[in-house]
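Working notes, beginning with the structure itself.
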Amino acid sequence: MKYGYFDDVNREYVIDRPDTPTPWVNYLGSPEYGAIISNNAGGYSFAKSGANGRILRYVFNNFDQPGRYIYLRDDDNQDFWSASWQPVGKDLKDYISKCHHGLGYTKMVADYAGIHSEATYYVPKGKSYEVWAIEVTNTSDKERHLTLTGYAEFTNHSNYEQDQVNLQYSLFISRTAFQENRIVQQIHGNLNALEEDEQVDEKNVTERFFGLAGNPVSSFCGDKKAFLGRYNGYDKPLGVTSGDLGDTNNYNENPCGALASKVTLAPNESKTLVFLLGEKYSNEAQAIVDSYKDAKTTVQAEVDELRAEWGGRLESLQVKTPSPVFDTMINTWNAYNCYMTFIWSRAASLIYCGLRNGYGYRDTVQDIQGIIHLAPEMAVDKIRFMLSAQVDNGGGLPLVKFTHNPGHVDTPDDASYVQETGHPAYRADDALWLFPTVYKYIAETGNTAFLDEVIPYANKGEATVYDHLKAAIQFSMDNLGPHGMPAGLHADWNDCLRLGAQGESSFVALQYYYALSILKIFAKQKADTEYMTFLDSEQESMGEKIQELCWDDDRFVRGYTEAGERIGEACAPEANMWLNPQSWAVISGLADDRQAELAMDNVFNRLNTSYGAILMDPPYHKHAFDGALAVIYNQGNKENAGIFSQSQGWLILAEALRGKGERAFTYFMENAPAAQNDQADIRQLEPYCYGQFTEGPASPNHGHSHVHWLTGTASTVMVGCVEGILGLRPDLDGLKLAPAIPKDWDSFKMDKNFRGKELHITVENPNHKESGFSKLILNGQELPEAYLPEDLLLDQNEITLVL
Ligand code: GLC
1 MKYGYFDDVN REYVIDRPDT PTPWVNYLGS PEYGAIISNN AGGYSFAKSG
51 ANGRILRYVF NNFDQPGRYI YLRDDDNQDF WSASWQPVGK DLKDYISKCH
101 HGLGYTKMVA DYAGIHSEAT YYVPKGKSYE VWAIEVTNTS DKERHLTLTG
151 YAEFTNHSNY EQDQVNLQYS LFISRTAFQE NRIVQQIHGN LNALEEDEQV
201 DEKNVTERFF GLAGNPVSSF CGDKKAFLGR YNGYDKPLGV TSGDLGDTNN
251 YNENPCGALA SKVTLAPNES KTLVFLLGEK YSNEAQAIVD SYKDAKTTVQ
301 AEVDELRAEW GGRLESLQVK TPSPVFDTMI NTWNAYNCYM TFIWSRAASL
351 IYCGLRNGYG YRDTVQDIQG IIHLAPEMAV DKIRFMLSAQ VDNGGGLPLV
401 KFTHNPGHVD TPDDASYVQE TGHPAYRADD ALWLFPTVYK YIAETGNTAF
451 LDEVIPYANK GEATVYDHLK AAIQFSMDNL GPHGMPAGLH ADWNDCLRLG
501 AQGESSFVAL QYYYALSILK IFAKQKADTE YMTFLDSEQE SMGEKIQELC
551 WDDDRFVRGY TEAGERIGEA CAPEANMWLN PQSWAVISGL ADDRQAELAM
601 DNVFNRLNTS YGAILMDPPY HKHAFDGALA VIYNQGNKEN AGIFSQSQGW
651 LILAEALRGK GERAFTYFME NAPAAQNDQA DIRQLEPYCY GQFTEGPASP
701 NHGHSHVHWL TGTASTVMVG CVEGILGLRP DLDGLKLAPA IPKDWDSFKM
751 DKNFRGKELH ITVENPNHKE SGFSKLILNG QELPEAYLPE DLLLDQNEIT
801 LVL
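Numbering (full-length UniProt numbering), first residue to last: 1 to 803.
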């Protein structure tokens, strides 16, 4: 079943059947002011924090309500509907709708009873309020008299939990007033008599507004109960059915912003109204509302500005391949998804409420990788930030608080940190993610000077980036298990593996092995010869250990428990084959060709499904060891043999590194949302963004995907596609080209900005290979290998690579 389609020219996903299996959402705004909006206008808004700055209420586990509702009422016959299909939910035979999710805006188009409406929702560039602009057109042949009503459900408290559960308090602190053309909501309004510098219990008056521009307000309501009427839902609020909001204000219980406006339209006549919402004090709020007097022109200019801004952010890599699915993901939607994880981390979605008030270390360092090829300077700011969240013992802070103060924060070694964050100990992998991320940035930009930049540690002291990386190596060396492999500590990448100080993780060992390779490149660059010698011998001995301890005939095992048992051995009754050690054995460069082939074939045969490869098999049920937390999940879900989509990105990369383009592309397609546009009833997930996992064959819902948008899948699959399938592999001196593609691709094109130079690359595949090299021509000159040295590049470059 299909619910929509990709409009690649406008970079929109257009939902033309509004009864999607789950709410399909878009992100608006920035961390200053963020908003999530579904195809039925459900979702919430917040200032700075999803948990502590919540402005609009949204109730989780309660199918997509409330939302940013605009009701339309025909005053001649009292019929009414909404600008989005829900909440009124007219019969889809009579109500035609299209929801356009674009980059930074969402537009709901509806046709019903001879009225065409277009409601555009966005946060203007650089602003901290939101706009709901609605243009209504009379497409019938008689004059029409309409009432348009906007409804915003304010929270009673900026803290999401207080609003939802602490009702004995939160129901008695809110009130509204009406001023000119807006509802003003105050929380703790009774504090307004205090002097400016006075505070009680560190509280202030919080003020929100919901205003209208473009047409006069005919009636208003600030009280939710009065708006809905007793026992009514959002589908038939009294304020709408009666055509009059009653000019009611709120004092206690639940406030809202509801504004009605009367519009008379001759045939073919249109009118634009703009609802404005934000958290601002009166003067500023009024100025914002006043600035939309010229409603239509202002809205058009602001939406154009957003489109231009987003278009610009995607420009640095655009591809044209024989696969429309691949193109739409790489050119637009996977890239947009990467920006969203980069910006929002795991802080705000219809799954994450924002209460995890900080950045997960590994998640954030991984997220950065997804935008390095598009916006390296934006990326490096976050890299600096994450280096400043590395403790001077070399480990990463498991959770970096939003209030992070480099050089001065507490760590998992302090009771205060553990109490505040709930993270009791270091995780083995966190700081090791810095290696590929820092390398990708330096290779993309050539900025080797970054290695010498001095950055504070989280707790105390400072060091160059190079020394930060050395400290990360030291952290692993200081935390080895009994066999001499890195200990698993509180977790490795897999949050459900608690291997402790005595258990050992092969995944971390492989990451460590890989980190040593990267550090060797930097050490060479810095002519740090003594350290190079150390790295060589350390890598050799770790490599031998991994080979000896972890290779099990046709697979790498997952590690050792604290009791010394091997995890993931062929003979184990459960979880005897794991995905990540196989792909990482290839990515890290540890596996020899024979091992790589055996292990990766084993993955393909044992773990792969039509929706991607499961994380391990069989799921834990009867034989979970103490640290095998995955057993808490239903089988086939999450870490318990679910298809953990991020791991699919490493599979793509690993197969591509081996030159196996067919496999790499197969893995891409199995997991690519855009490839499953016609399977929405199974997938459930938006066809334009990644989810954290898909249920595996051990579940009755095999194929159903969850935890949309904010997932490491976005960046990891992006890297798998860009470095793997497209084969764009920058190093310190230039760009290696090593595509691994389906054999039937005749050719494809890439436009890439590399260090300020434009590369127009055509890859030709006359002999239908899946990888390989026969010729490279740069600006008419043949080069000896598939490598573009930076010093040969001009401002504009025509490049042909023949496989
Ligand atoms: C979740 C976490 C991530 C972890 C993964 C696997 O996606 O956000 O940090 O690596 O689960 O457990």
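A virtual CB, placed ideally from N, CA and C, is assigned to each residue, including glycine.
Review point. For the putative contact between Ala641 and Gln648, defined by C-beta atoms under 8 angstroms, what is the C-beta separation to the nearest angstrom?
Key: No, Ala641 and Gln648 are not in contact; Cβ-Cβ is about 14 angstroms, not under 8 angstroms.
Check your understanding: Taking C-beta to C-beta, are Thr120 and Ala110 nearer than 8 angstroms?
Key -> no
Exercise for review: Go ahead and label Val9 buried or exposed: buried means 16 or more other beta carbons lie within 10 angstroms of its beta carbon, across all protein chains shown.
Suggested key: exposed
Review point. What are the partner residues of Gln318, as DSSP defines its beta bridges?
Key: Asp751
**Study point:** Cys338 classed as buried or exposed, judged by whether at least 16 other C-beta atoms fall within 10 angstroms
**Key:** buried
Review point. Considering Glu377, what are the terminal residues of the alpha helix (DSSP H) in which it resides?
Key: Pro376 to Leu387
Exercise for review: Assess, as a yes-or-no matter, whether the stretch 506-517 is touched by the stretch 589-601 under the definition of 3 or more beta carbon pairs within less than 8 angstroms.
Suggested key: yes
Review point. Can you tell which of Asp536, Val763, Ala698 and Val365 has its C-alpha closest to the C-alpha of Trp493?
Key: Val365
Exercise for review: Measuring alpha carbon to alpha carbon, tell me which of Glu544, Leu171, Ala563 and Asp552 ends up nearest Trp578.
Suggested key: Asp552
Check your understanding: Just to confirm, does Trp493 get its C-beta within under 7 angstroms of one of the non-hydrogen atoms of ligand 1?
Key -> yes
Check your understanding: Closer than 7 angstroms: is that where the CB of Gln692 sits relative to any heavy atom of ligand 1?
Key -> yes
Practice item. Determine the DSSP secondary structure at Ala285, reduced to helix, strand or coil. Key: helix
Exercise for review: Kindly indicate which residue of Asn159, Cys571 and Arg558 has the alpha-carbon position closest to the one of Lys203.
Suggested key: Asn159
Check your understanding: Can you give, in chain order, each stretch of the alpha helix (DSSP H) that sits fully within the stretch 148-219 and has at least 4 residues?
Key -> 160-165 and 167-170
Exercise for review: Kindly confirm or deny that the stretch 415-434 and the stretch 448-458 touch, where touching means at least three C-beta pairs closer than 8 angstroms.
Suggested key: no
Point to revise | Close beta carbons around Asp223, own chain, < 6 angstroms, minus the five adjacent residues each side | key: Thr248 and Asn250
Check your understanding: For ligand 1, any of its heavy atoms closer than 7 angstroms to the Cβ of Asp363?
Key -> yes
Practice item. Tell me whether Gly354 counts as near ligand 1, meaning its Cβ is closer than 7 angstroms to at least one heavy atom of that ligand. Key: no
Check your understanding: Quick one, are the C-beta atoms of Leu56 and Ile115 less than 8 angstroms apart?
Key -> no
Point to revise | Burial state of Ser388 (16 or more Cβ within 10 Å) | key: buried
**Study point:** Stretch-stretch touch, CB-based, cutoff 8 angstroms, three pairs: the stretch 67-86 with the stretch 161-180
**Key:** no
Check your understanding: By DSSP, does Val484 sit in helix, in strand, or in coil?
Key -> Per the sequence shown, the amino acid found at residue 484 is Gly instead of Val. Looking at Gly484 - three-state DSSP - the assignment turns out to be coil, as it is neither helix nor strand.
Check your understanding: So which of Ala335, Thr297 and Lys320 has the shortest CA-CA distance to Arg313?
Key -> Ala335
Review point. Any heavy atom of ligand 1 within a distance shorter than 7 angstroms of the CB on Arg558?
Key: no
Check your understanding: If we call anything under 8 angstroms between Cβ atoms a contact, is Ser699 one with Thr341?
Key -> no
**Study point:** Beta-carbon proximity check, Trp709 vs Ser345, cutoff 8 angstroms
**Key:** no
**Study point:** Tyr667 versus Ala285 - alpha carbon distance
**Key:** 50 angstroms
Exercise for review: Under 8 angstroms Cβ to Cβ from Tyr361, same chain only, skipping five residues before and after it: list those, please.
Suggested key: Met386, Ala389, Gly396, Leu397, Pro398, Leu399, Val400, Arg427, Asp430, Ala431 and Trp433
Practice item. Please classify Leu148: is it buried, with 16 or more other beta-carbons within 10 angstroms of its beta-carbon, or exposed? Key: buried
Check your understanding: Between Arg346 and ligand 1, is the CB less than 7 angstroms from at least one heavy atom?
Key -> yes
Check your understanding: Looking only at C-alpha atoms, which of Trp310, Ala266, Lys48 and Thr445 sits nearest to Glu377?
Key -> Thr445
Check your understanding: Does the Cβ-Cβ distance between Cys221 and Glu153 come in under 8 angstroms?
Key -> no
Review point. Along the chain, where does the alpha helix (DSSP H) that runs through Gly780 open and close?
Key: It is not in any alpha helix (DSSP H) - Gly780 carries neither H nor E in the DSSP assignment.
Exercise for review: Jot down the residue ranges of each uninterrupted beta strand (DSSP E) in the stretch 483-545, minimum 3 residues, whole runs only, in chain order.
Suggested key: 487-489 and 500-505
Exercise for review: Output the distance between the C-alpha atoms of Leu273 and Asn215, rounded to the nearest integer angstrom.
Suggested key: 6 angstroms
Practice item. Kindly indicate the opening and closing residues of the beta strand (DSSP E) around Ser705. Key: Ser705 to His708
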